[in-house]
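Numbering (my numbering), first residue to last: 148 to 276. Just so you know, even glycine gets a beta-carbon here, dropped at the ideal spot from N, CA and C. Take a look at the structure below.
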Amino acid sequence: MSPRVTEWLGLKPTKDGSWFTAMNAKERPTKGVVKNIDLRIDGWTGKADFNIIDMDKLEVVLGMDFMEKLSATLNPYCEMMAGKEGQLECMIPLVSKDGADKRKGITVLQLDKGSTLCYDERQMGPRTY
Numbered sequence: 148m149s150p151r152v153t154e155w156l157g158l159k160p161t162k163d164g165s166w167f168t169a170m171n172a173k174e175r176p177t178k179g180v181v182k183n184i185d186l187r188i189d190g191w192t193g194k195a196d197f198n199i200i201d202m203d204k205l206e207v208v209l210g211m212d213f214m215e216k217l218s219a220t221l222n223p224y225c226e227m228m229a230g231k232e233g234q235l236e237c238m239i240p241l242v243s244k245d246g247a248d249k250r251k252g253i254t255v256l257q258l259d260k261g262s263t264l265c266y267d268e269r270q271m272g273p274r275t276y
């Protein structure tokens, strides 16, 4: 989450000594963290933690920990994200900031050595890193 959004929402981040690395950038410290924030996305409501990070073009990024918690699956073709937490299942529409028809998806994913990434097994097969 950007410092601008944090301030706009009236949230008070706490310093936690975390660092982050953006794609093709040097490691930098975060500006803090806000924890247990109420979050509502379409039909899903829950809580999430956000690191406060200076970002060039984005205001809020849902990280892999959030995607894992929600057991999220992205379907760019239908422009939907399916999620399930407990008994609640939801379909969340993916929309661009300006409403234009721009396909979006995960562009950065960190893999541990030995991890397997299945991109499209019909065309490429799984790749082990």
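Beta-carbon proximity check, residue i vs residue j, cutoff 8 Å
i      : j      : result
Gly230 : Ser218 : yes
Ile199 : Met148 : yes
Pro150 : Val180 : no
Thr220 : Met211 : no
Trp166 : Leu235 : no
Option in the options with minimal Cα separation from residue i
i      : options                           : result
Glu226 : Asn198, Thr153, Pro240 and Ala169 : Pro240
Met202 : Asp163, Ala169 and Gly164         : Ala169
Lys162 : Lys182, Met238, Leu235 and Cys237 : Lys182
Trp155 : Thr177, Trp191, Val207 and Ser165 : Val207
Gly157 : Ile184, Ala172, Thr177 and Leu209 : Ile184
Asn222 : Leu209, Met238, Lys216 and Glu215 : Met238
Ile193 : Ala172, Gly164, Trp166 and Leu209 : For clarity, residue 193 is Gly in the given sequence; the question names Ile instead. With distances taken between Cα atoms, Gly193 lies closest to Leu209.
Environment of residue i [buried if 16+ CB atoms lie within 10 Å]
i      : result
Phe197 : buried
Ala195 : buried
Thr153 : buried
Glu174 : exposed
Span of the beta strand (DSSP E) around residue i
i      : result
Glu192 : Strictly speaking, residue 192 in this sequence is Thr, with Glu absent from that position. Its beta strand (DSSP E) spans residues Trp191 to Asn198.
Val181 : Val180 to Ile188
Gly230 : Met227 to Glu232
Which of helix, strand or coil DSSP assigns to residue i
i      : result
Asp212 : helix
Pro150 : helix
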